[in-house]
Structure formats: structure tokens, C-alpha cells
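Numbering (the UniProt record's numbering), first residue to last: 1 to 339.
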């Protein structure tokens with residue numbers, strides 16, 4: 001009896017030892033890692049867009065100064081301004097602010113300042129290496145499991161997890177089929193970006209009010225600031241407001257374009273503050289269209305297609321901005337020649 005009881009006791013103890021769960025990290029550690037990753041990605045996005053936004057906001061000031069001769073360009077403390085078209089009611093620069101690319105970069109980088117270099121190049125590695133937390137290994141049993149564990153998402157979302165390496169295995173026919181299905185998302189986003197950048201880089205300079213204490217350059221900077229504030233707010237509002245049909249946002253943005261273009265031509269708005277409200281609204285529409293488009297794709301595409309779908313949709317903003325610049329340049333020249 002004693003031996004049997006002892007055997008049962010030892011067996012029970014051994015079974016208990018086998019079923020003891022492995023120690024896990026405290027919940028607070030997981031929450032801390034989540035917030036570190038969230039802050040890290042937020043700062044990476046901020047650093048990524050910072051220089052571009054500064055160039056757009058400073059476009060009117062940059063183009064109001066002469067470029068020096070030679071290959072190197074800089075803005076002197078007191079350079080002579082480019083002659084304005086005095087015969088036009090729009091107070092135009094001789095060059096449109098429409099092309100937001102390399103020409104403004106050349107003019108803005110004032111020789112590159114060390115602080116500018118650090119802002120562009122130093123912040124992102126700091127965020128990447130010091131803030132982002134690498135996913136924990138899942139005790140892989142082979143090469144495939146090791147790759148899977150090394151590519152775990154840093155921030156969990158409601159979208160299903162992506163299967164590692166699945167996008168690269170898609171055939172050309174599969175990619176074309178996926179791309180055709182993405183047109184439902186791509187076309188409205190192209191339209192939104194076309195309309196808003198036609199407004200921003202084609203019409204902002206022409207929306208000039210003389211019955212205000214703000215100078216022309218100050219008005220342009222306020223337009224850009226309000227637009228970026230609207231974009232910032234709407235891109236951060238996904239948890240509060242999810243929009244399924246982004247075509248509605250594209251239509252509303254086109255209405256903004258038509259309304260402001262009519263005001264440039266006829267000048268019926270009595271105060272700049274009406275334009276301020278419209279531009280803030282424009283930024284809200286643009287940011288909402290961008291974040292909801294990619295969110296919808298992440299939710300509605302299959303695991304093996306999601307990575308390719310997200311990458312392919314990135315052409316939307318570039319295409320819309322390029323098309324708006326091509327049309328805004330001749331419009332600027334035409335309107336500035338009017339008396």
C-alpha cells in the first residue's frame with residue numbers, strides 16, 4: 001500500500017511538473033513594447049515627410065529669389081526677387097510653384113546645412129534601432145519556421161497576418177489579376193491626389209487677397225500649414241472613423257477643386273478666412289482617402305496578395321501629383337498673362 005501510494009504520488013508529481021506552463025513576459029512588458037513600436041513608426045513617418053512638406057510650404061519663398069549662376073544654388077539673406085507680372089491681378093511669380101520636385105530641392109538646399117543632414121539622415125536610424133522592438137523568436141524548428149518567426153509583425157492589427165515570402169512567389173498573371181482588382185482603390189486615390197495637388201501647387205499662389213494684413217508669401221504659408229494640419233488629423237483618425245467607399249472622398253475633392261478654380265477666375269469670395277476653411281477641409285479629405293485606402297486593402301486582400309497589393313497602390317499618389325503638375329504649369333502661365 002505504501003509503495004503504491006508512493007508510486008502514485010511520484011507519478012502525480014511528475015505529471016504536475018510536465019504541465020507547469022513556461023514563464024511568460026509580464027503583460028506590462030508587451031504593452032510597453034507595443035507603445036514603443038507605435039511611437040517609433042509614428043516618428044519614422046514624421047521624419048519621412050518632414051523635408052517634403054517643408055519644401056512645399058516654402059515654395060513661394062524659394063521661387064521669389066533668384067538662383068545663383070552655376071551648379072550650386074542657395075538662398076542669400078537679401079537676394080533680389082524675381083520680377084513679378086505686374087500686369088496680372090494675381091501677383092504671380094515668373095515660375096509656378098506647381099513642380100514640387102528636384103528644382104525646389106536644389107533651391108532649398110541653402111549648401112546642405114549639417115542640421116539639415118541630421119534631420120534627414122540621423123533621426124530615422126535612431127528611431128529604428130532604439131525604439132522599435134524586434135519580435136521574439138518562437139523556438140523555430142527549421143529554416144522556414146525561423147524565417148516566419150523573424151518576420152512577425154511588430155504591431156498587431158485586426159488584419160490577418162501576412163505569410164512570409166508569399167508575394168515574391170506570385171506569377172506575372174497573378175500580379176496582373178490582383179492589380180486589376182486594385183483599380184477600385186487606386187483610381188479614387190489618384191483622383192484625390194490630382195485634385196488636391198492641383199489646388200496646392202497650382203491655385204494656392206493665385207488665391208491672393210489684398211484686403212488682409214498678410215503678405216502674399218504669408219498667405220501661401222498659411223494655406224500650406226492648414227492643409228498639412230488637416231492631413232495630419234485625418235490620417236490619425238482611422239480608429240475613430242473608417243470610410244469604406246473612398247470614391248465619395250474623390251468626388252468631394254474634385255468639388256473643392258472646381259470651387260477654388262472658380263474663385264480664382266471670378267474672385268467672388270470676400271475674405272481669405274473662407275479659403276482657410278476650405279483648405280483645412282481639403283486636407284481632411286486627402287488624409288482620409290489615403291489612410292482608408294490602405295486600410296481597406298489590408299483588410300480585404302488575401303494573405304498571399306496583401307504585400308504586393310499594398311506596394312502596387314503606392315503609385316497612386318505619385319501618378320496623381322505628376323498629372324496635376326503637368327496641368328498646373330500651363331494654367332499658371334495662362335492666368336498670369338491675364339490683365
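From the three backbone atoms N, C-alpha and C, an ideal C-beta is built for every residue, glycine too.
Open item on the list: In this structure, how does DSSP classify residue 241 when only helix, strand and coil are distinguished?
Closed with: Collapsing the DSSP output to three states places residue 241 in coil.
TODO: Keeping to the same chain, check which residues put their C-beta closer than 7 Å to that of residue 101; ignore five residues upstream and five downstream.
DONE: The predicted position of residue 101 is uncertain, since its pLDDT is 45 and thus under 50; no value can be drawn from it.
Task: Cα-Cα separation between residue 40 and residue 317, rounded to whole angstroms - done: Taking the straight line joining both Cα atoms gives about 24 Å.
- [ ] Could you give the DSSP three-state label for residue 343: helix, strand or coil?
- [x] Residue 343 falls outside the range modelled here, since the chain spans only 1 to 339, and no answer is possible.
Open item on the list: Could you check whether residue 201 and residue 51 sit closer than 9 Å to each other, using their CB atoms as the reference points?
Closed with: No, the Cβ-Cβ distance between residue 51 and residue 201 is not below 9 Å.
TODO: For residue 242, count neighbouring C-beta atoms within 10 Å of its own C-beta (all shown protein chains included) and say buried if the count is 16 or more, exposed if not.
DONE: With fewer than 16 other Cβ atoms from the protein chains shown falling within 10 Å of its own Cβ, residue 242 counts as exposed.
- [ ] Can you tell me which of the three DSSP states residue 221 falls into?
- [x] It is helical.
Open item on the list: Quick check: what's the CA-CA separation for residue 312 versus residue 286?
Closed with: Whole-angstrom Cα-Cα distance: 19 Å.
Open item on the list: On the DSSP letters alone, give me the boundaries of the alpha helix (DSSP H) that residue 312 sits inside.
Closed with: If you look at residue 312, you'll find it in the alpha helix (DSSP H) that goes 303-313.
Open item on the list: Can you confirm whether the stretch 322-331 touches the stretch 216-233 when touching is taken to mean that 3 or more C-beta pairs between the two stretches lie within less than 8 Å?
Closed with: In the pairwise beta carbon analysis, the stretch 216-233 is classified as not touching the stretch 322-331: fewer than three pairs are separated by under 8 Å.
Open item on the list: Suppose contacts are defined by Cβ-Cβ distances below 9 Å. Is residue 260 in contact with residue 199 by that definition?
Closed with: Against a cut-off of 9 Å, the Cβ pair of residue 199 and residue 260 comes out as a contact.
Task: Length of the line joining the Cα atoms of residue 271 and residue 209 - done: The C-alpha of residue 271 lies about 7 Å from the C-alpha of residue 209.
TODO: Please confirm whether residue 309 and residue 301 have their CB atoms less than 9 Å apart.
DONE: Yes, these two residues count as a Cβ contact at 9 Å.
TODO: Sort 273, 299, 194 by Cα distance to residue 212 and report the nearest one.
DONE: Of the candidates 273, 299, 194, the residue whose Cα lies closest to the Cα of residue 212 is 273.
Task: Coil, strand or helix - residue 270 by DSSP - done: Residue 270 carries a coil assignment under DSSP once its states are collapsed to helix, strand and coil.
Task: First and last residue of the uninterrupted alpha helix (DSSP H) at residue 199 - done: Neither: residue 199 is in no alpha helix (DSSP H) and is coded neither H nor E.
TODO: Flag this pair as yes or no: are the beta carbons of residue 196 and residue 220 separated by less than 9 Å?
DONE: Cβ distance not < 9 Å, so residue 196 and residue 220 don't count as in contact.
Task: Bounding residues of the alpha helix (DSSP H) (the contiguous stretch that carries residue 59) - done: Taken as a continuous stretch (DSSP letters only), the alpha helix (DSSP H) holding residue 59 covers 59-63.
Task: Spatial neighbours of residue 61 in its chain, beta-carbon cut-off 7 Å, leaving aside the 5 residues before and after - done: Excluding residues within five positions, the ones whose Cβ falls inside 7 Å are 217.
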